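A.B. asks:
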Amino acid sequence: DQQVKQNSPSLSVQEGRISILNCDYTNSMFDYFLWYKKYPAEGPTFLISISSIKDKNEDGRFTVFLNKSAKHLSLHIVPSQPGDSAVYFCAASDQEYGNKLVFGAGTILRVKS
Amino acid sequence: KAGVTQTPRYLIKTRGQQVTLSCSPISGHRSVSWYQQTPGQGLQFLFEYFSETQRNKGNFPGRFSGRQFSNSRSEMNVSTLELGDSALYLCASSAGRATNEKLFFGSGTQLSVL
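Keeping their order, the protein sequence lines are chains A and B. Take the first sequence: its position 13, counting from 1, is numbered 13 in this note's numbering, and each next residue is one higher. Take the second sequence: its position 57, counting from 1, is numbered 170 in this note's numbering, and each next residue is one higher.
So, in structure tokens, the structure goes:
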């Protein structure tokens with residue numbers, strides 16, 4: 001039972017263009033959402049997060065959008081850079097379980113120069 | 114500040130054996146969580162320890178166990194290894210004072226079960 005789904009295993013984007021990574025969830029108790037980035041041979045690193053009381057959070061080139069009615073969130077990277085090439089994981093948690101994160105399977109982003 | 118350190122980096126074991134993985138959190142962090150990453154499955158939560166007590170637990174069999182020491186270092190043990198236990202095991206630490214804290218991950222221990 002995958003409560004967090006990233007339906008696109010991979011995405012290829014030209015340098016300078018927008019990258020949009022999508023994530024769907026099924027558990028309506030989730031109230032906090034995060035994106036992590038992972039390079040090969042390294043652990044995931046935190047990228048950006050959003051609370052369920054917001055519908056948008058921005059940090060530099062990264063913006064996360066949350067659509068609670070559709071149980072959908074997306075990560076926008078503008079402009080995309082070759083160094084953004086990595087695996088991106090969407091994760092969710094609910095207040096009751098705190099640091100117990102439920103992760104999606106990840107999307108491999110390739111930014112071509 | 115040193116990051117999260119996991120040892121060993123790689124492990125090869127055979128079915129039926131047991132294995133112990135170690136994690137040293139960032140100095141001052143009291144919460145340590147463990148995740149299993151397999152291809153196509155993302156990261157799956159194993160358990161979280163805070164102040165030497167298990168605070169949260171995932172849906173893994175009892176062969177997977179852990180503990181945390183008074184210095185916040187944590188170990189994870191897998192007994193009677195199965196082929197399906199081959200995975201990257203990631204440890205993450207946080208201050209542990211509130212929910213929804215940013216987790217800092219180590220580079221993981223790659224376990225191969227033959």
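For glycine and all other residues, C-beta sits at the position ideal for the given N, C-alpha and C. It should be emphasised that the depicted structure is a prediction, and the values quoted were computed from it without experimental measurement.
1. At a threshold of 7 Å, does B/ARG210 count as lining the ligand ADP (C-beta to nearest heavy atom)?
2. Measuring only the C-alpha atoms, how far is B/ALA205 from B/LEU156?
3. Under three-state DSSP, which class holds B/LEU196?
4. Between A/TYR88, A/VAL111, A/LEU101, which lies nearest to A/GLU42 when the distance is taken from Cα to Cα?
5. Just verifying my parser: in three-state terms, what is the DSSP assignment at A/GLY106?
6. At 3 residues or longer, what runs of the beta strand (DSSP E) sit wholly inside the stretch 20 to 57 of chain A?
7. Looking at chain A, which residues of the stretch 134 to 161 of chain B have a Cβ within less than 8 Å of any of its Cβ atoms?
8. Report the residues of the stretch 192 to 213 of chain B with a CB closer than 7 Å to any CB of chain A, ordered along the chain.
9. Does the separation of the CB atoms of A/VAL64 and A/VAL4 fall below 8 Å?
10. Three-state secondary structure (DSSP) at B/GLY209?
11. Hey, does B/PHE81 have any beta-carbon neighbour from chain A nearer than 8 Å?
C.D. replies: For this structure:
1. The ligand ADP is not part of the structure shown, which contains no ligands of any sort.
2. Your numbering for residue 205 of chain B matches position 92 in the second sequence. Your numbering for residue 156 of chain B matches position 43 in the second sequence. B/ALA205 and B/LEU156: Cα-Cα distance of roughly 12 Å.
3. By one-based count along the second sequence, residue 196 of chain B stands at place 83. Residue state, collapsed to three classes: helix.
4. Against the first sequence, residue 42 of chain A aligns to sequence position 42. Distances from the alpha-carbon of A/GLU42 to those of A/TYR88, A/VAL111, A/LEU101 put A/TYR88 closest.
5. Mapped onto the first sequence, residue 106 of chain A falls at position 106. Residue state for A/GLY106 is assigned as coil, using DSSP reduced to three classes.
6. As far as the stretch 20 to 57 of chain A is concerned, its whole beta strand (DSSP E) runs of at least 3 residues are 32 to 38, 45 to 51.
7. Residues SER144, SER146, TYR148, GLY153, GLN154, GLY155, LEU156, GLN157, PHE158, GLU161.
8. Answer set for the stretch 192 to 213 of chain B: LEU203, SER207, THR212, ASN213.
9. Within the first sequence, numbered from 1, the residue matching residue 64 of chain A stands at position 64. Within the first sequence, numbered from 1, the residue matching residue 4 of chain A stands at position 4. When the beta-carbon positions are compared, A/VAL64 and A/VAL4 stay at least 8 Å from each other.
10. Locating residue 209 of chain B in the second sequence gives position 96, counting from the first residue. Here B/GLY209 sits in coil by DSSP.
11. A question about residue 81 of chain B goes unanswered here, because the residues of chain B that appear run from 114 up to 227.
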